[in-house]
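K.L.:
First, the structure itself, so that you have it in front of you.
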Amino acid sequence: MSRRTKDIENFQKIDKYLMISHSQEQVIDQLRLWGLLKQHHEMLCEECNQQMRWEVDIVGQIDAGRYRCYGCKKSISLRKGSIFFGSQMSLPFLFRVMFHHFIYQSSIEYLHSSFGLDYKTVGRIYAYIRMVISTSIEESYEQQLGEEHILEYSLDRLRLDRLSPEEVDDHTKYSPAVEIDETLLTHFKNIDGKTQSQCWAIGIYDRGTKRHIIKAVGKNRDEAIIRDLVIRYVANDPLYPTRVYTDHFRSYNFLANEGYEHIKINHSKGYGRAANTTNHIESLWSELKSMNLFDSGFNTNDIDLVQIRINEAVWRMTRKENDLAVDLAEILGSVNTPLQQNY
């Protein structure tokens, strides 16, 4: 399916948030419901601490009104204290771009050619959303993969003296299992004189919790880089070492020396069977690449930008059963950084 065909199909998806965006009053109510705008009773005057009142239909006001204190006569925007404060764009426009077009991955080129939306404006809004999502995903990586499994069985290990020898020897009950693999996200290209480098990604999948971590590493995937990622993100226990399933790529040879139980899968004979497989992480790569992360001309030389796009994809994959707009609103409600002043 071409990108334009996908854009047209996405535009034809009439969801409730697109319908809401046609009414400023409904947009404001929805943003208040999500906590992205303050409720009436939360609007207190900074000078006299009195509750402010909403005045509608004020000429020249972008939101068709302001809050005014009837004590000191001071007035403020309903956007005060929100991520929208300082933006010159209407709330219905911002709502439509953030909670409809971005959710359905409408391309900036399509929005410009079909609706005349400014490239830079939509691009900056998309960049803001991606940065907020990426920060949220990175924070979720703070807990190591396999750590929950180790903690879950820590009490069991306190009573090992009461277990049979067979139960003690069955370390697979107590040790976490992860799969690690690498994939090439982009190939070397030269587009209109601009060089696009190869970019590899390392993926780690925890079979127990089904959590996964994907990190862009640029054109290098040597042992030192992979070792740093594994030690940082994969928990290990000396008593019951984490089982790590990989292919025969030589950069994984350090695993045994670092105390992990290294199980190699010979991909020349398939992807393994039963527990001895890397099918989970291979499936993850297929889903990731189907999402068309990188637009034509995207600068894959910037690893930080590549990681932001990867984190967006991880967010979409792990929340695909959720209402993405609601989830995005929850993430936006946890940040204090406002949209740029010229949006």
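Converting from the sequence shown to my numbering requires adding 62 to each position, the first position being numbered 1. Glycine is no exception: its CB is placed at the ideal position from the N, C-alpha and C atoms. Here the structure is a predicted model, which means the values were calculated and not measured.
What does DSSP give as the partner residues of residue 378 in its beta bridges?
P.N.:
To locate residue 378, count along the sequence shown from 1; it is residue 316. None, per the DSSP bridge assignment.
K.L.:
Within the same chain, show all residues whose beta-carbon is closer than 8 Å to that of residue 381, passing over the 5 residues directly before and after it, in chain order.
P.N.:
Stepping through the sequence shown from its first residue, residue 381 is reached at position 319. If we look at residue 381 and ignore the five residues flanking it on each side, its Cβ neighbours are 389.
K.L.:
Would you identify the three-state DSSP class for residue 305, choosing helix, strand or coil?
P.N.:
The sequence position of residue 305 within the sequence shown is 243, counting from 1. Residue 305: strand per DSSP, three-state reduction.
K.L.:
Measuring only between beta-carbons, confirm whether residue 100 sits less than 8 Å from chain D.
P.N.:
The question asks about chain D, but that chain is absent: this structure has only one protein chain.
K.L.:
Out of 350, 297, 80 and 170, point me to the one whose CA is closest to residue 155's CA.
P.N.:
The residue labelled residue 155 in the question sits at position 93 within the sequence shown. Answer by Cα proximity: 80.
K.L.:
On the three-state DSSP scale, how would you describe residue 158?
P.N.:
If you number the sequence shown from 1, residue 158 lands on position 96. Here DSSP, grouped into helix, strand and coil, assigns residue 158 to helix.
K.L.:
Identify, in the order they occur along the chain, each residue of the same chain with its Cβ nearer than 7 Å to the Cβ of residue 303, setting aside the five sequence neighbours on each side.
P.N.:
Translated into the one-based positions of the sequence shown, residue 303 becomes position 241. Here the set comprises 237, 321, 322 and 323.
K.L.:
Which parts of the region 76–129 are runs of the alpha helix (DSSP H), unbroken and 4 residues or longer, counting only runs that do not cross its ends?
P.N.:
78–82 and 86–95
K.L.:
Check whether the region 157–164 and the region 182–198 are in contact - that is, three or more C-beta pairs closer than 8 Å.
P.N.:
yes
K.L.:
What are the start and end residues of the beta strand (DSSP E) that includes residue 324?
P.N.:
The count along the sequence shown starts at 1 and reaches residue 324 at position 262. Counting along the chain, the beta strand (DSSP E) containing residue 324 begins and ends at 323–326.
K.L.:
Which of the three DSSP states, helix, strand or coil, is assigned to residue 265?
P.N.:
For the purposes of this step, residue 265 is identified with residue 203 of the sequence shown, where counting begins at 1. Strand.
K.L.:
Name the residue from 210, 134, 244 and 274 whose alpha carbon lies nearest to the alpha carbon of residue 203.
P.N.:
Here residue 203 refers to the residue found at position 141 of the sequence shown. Closest by alpha carbon: 274.
K.L.:
Hey, would you say residue 263 sits closer than 8 Å to residue 281, going by beta carbons?
P.N.:
Within the sequence shown, residue 263 is the residue found at index 201, counting from 1. Within the sequence shown, residue 281 is the residue found at index 219, counting from 1. For residue 263 and residue 281, no; Cβs fall outside 8 Å.
K.L.:
Can you check which of these residues, 315, 310 and 272, is closest to residue 292 by C-alpha distance?
P.N.:
Numbered from 1 along the sequence shown, position 230 holds the residue referred to as residue 292. Selected option, being the one with the closest Cα: 315.
K.L.:
Determine the burial state of residue 375: buried for a count of at least 16 other Cβ atoms within 10 Å of its Cβ, exposed for fewer.
P.N.:
Residue 375 sits at position 313 when you count from the first residue of the sequence shown. Buried: at least 16 other Cβ atoms inside 10 Å.
K.L.:
Do residue 184 and residue 199 count as a contact pair if the criterion is CB distance below 8 Å?
P.N.:
For the purposes of this step, residue 199 is taken as the residue at position 137 of the sequence shown. For the purposes of this step, residue 184 is taken as the residue at position 122 of the sequence shown. Their beta carbons are not under 8 Å apart, which means residue 199 does not touch residue 184 by this criterion.
K.L.:
Let me make sure I understand the geometry here. Which of 86, 400, 103 and 182 has the alpha-carbon closest to that of residue 152?
P.N.:
To locate residue 152, count along the sequence shown from 1; it is residue 90. Ranking 86, 400, 103 and 182 by Cα distance to residue 152 puts 86 first.
K.L.:
Pick from 342, 246 and 365: whose alpha carbon is nearest that of residue 240?
P.N.:
Stepping through the sequence shown from its first residue, residue 240 is reached at position 178. The shortest C-alpha separation from residue 240 is found at 342.
K.L.:
Which of the three DSSP states, helix, strand or coil, is assigned to residue 140?
P.N.:
Taking the sequence shown and counting its residues from 1, one reaches residue 140 at position 78. Residue 140 falls in the coil class under three-state DSSP.
K.L.:
Would you list the residues sitting across from residue 243 in a DSSP beta bridge?
P.N.:
Sequence index remark: in the sequence shown, residue 243 carries index 181 (1-based). Answer by DSSP bridge pairing, in chain order: 265.
K.L.:
Determine the closest residue to residue 265 out of 209, 300 and 340, with distance taken between C-alpha atoms.
P.N.:
Within the sequence shown, the letter at position 203 stands for residue 265. If we check each option's Cα against that of residue 265, 340 comes out closest.
K.L.:
Only counting the same chain, and skipping five residues up and downstream in sequence, which positions put a Cβ closer than 8 Å to that of residue 194?
P.N.:
Against the sequence shown, residue 194 aligns to sequence position 132. Here the set comprises 393, 394, 397 and 399.
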